[in-house]
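Quick note on the numbering used here: the sequence shown kicks off at 100 and runs consecutively.
Some notes on the structure that comes next.
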Amino acid sequence: MVKCLNGGPHFVARLIPVANPTGEFIYEQVFNLANVVMESGGIVLGSVCDNCPSNLHYMSLFPGFKKDEDWAVQNPINSAFPWYLIVDPPHLLKTTRNSWITEKQQIISFKNKDAKWSHLTSLSNGS
Numbered sequence: 100m101v102k103c104l105n106g107g108p109h110f111v112a113r114l115i116p117v118a119n120p121t122g123e124f125i126y127e128q129v130f131n132l133a134n135v136v137m138e139s140g141g142i143v144l145g146s147v148c149d150n151c152p153s154n155l156h157y158m159s160l161f162p163g164f165k166k167d168e169d170w171a172v173q174n175p176i177n178s179a180f181p182w183y184l185i186v187d188p189p190h191l192l193k194t195t196r197n198s199w200i201t202e203k204q205q206i207i208s209f210k211n212k213d214a215k216w217s218h219l220t221s222l223s224n225g226s
């Protein structure tokens, strides 16, 4: 979906999925689509995807990409604008949950604080 940031019409820009796409394939397809948008007078500011391995590889192909640092990378089409690499929140939450419940002790630590999976289950049980 292509959306105007300041209102205006929305456009469907769809990439047809294929089985087991490589990061290079995804990058090429997104690059081609972004080129069409920019040639039509639009400005592409980024892409949103889930965090599956092929999408993470796609992200790593952008100039200036540094894992776990900056999600604003060099725009490969128009260097006057950054390109934001965004992992959508539902997939981030799902990945966090899945990692949490599959950890042996079911504990996630952040800044010397522990969160236990049992904390969430006790909340949902009302205890």
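The C-beta atom is built at its ideal place from N, Cα and C for all residues, glycine as well.
Only a predicted model underlies this, so the values are computations on that prediction, with no experimental measurement involved.
Taking a C-beta distance under 7 Å as the contact criterion, residue 150 and residue 194 qualify as a contact pair. A residue is called buried once 16 or more other Cβ atoms fall within 10 Å of its Cβ, and residue 161 is buried on that count.
Under the three-state reduction of DSSP output, residue 124 falls in the helix class. One Cα belongs to residue 219, the other to residue 189, and the distance between them is close to 18 Å. Around the Cβ of residue 143, a 10 Å sphere holds 16 or more other Cβ atoms; the residue is buried.
Going by DSSP, residue 181 is part of no alpha helix (DSSP H) but of the beta strand (DSSP E) stretching over 181–186.
With respect to the C-alpha of residue 175, the residue from 221, 202, 131, 122 having the closest C-alpha is 131.
Within the same chain, 213, 215 come within 6 Å of residue 206 by CB-CB distance, once the 5 residues on both sides are set aside. Measuring C-alpha to C-alpha distances from residue 129 to each of 158, 223, 180, 106 identifies 158 as the nearest.
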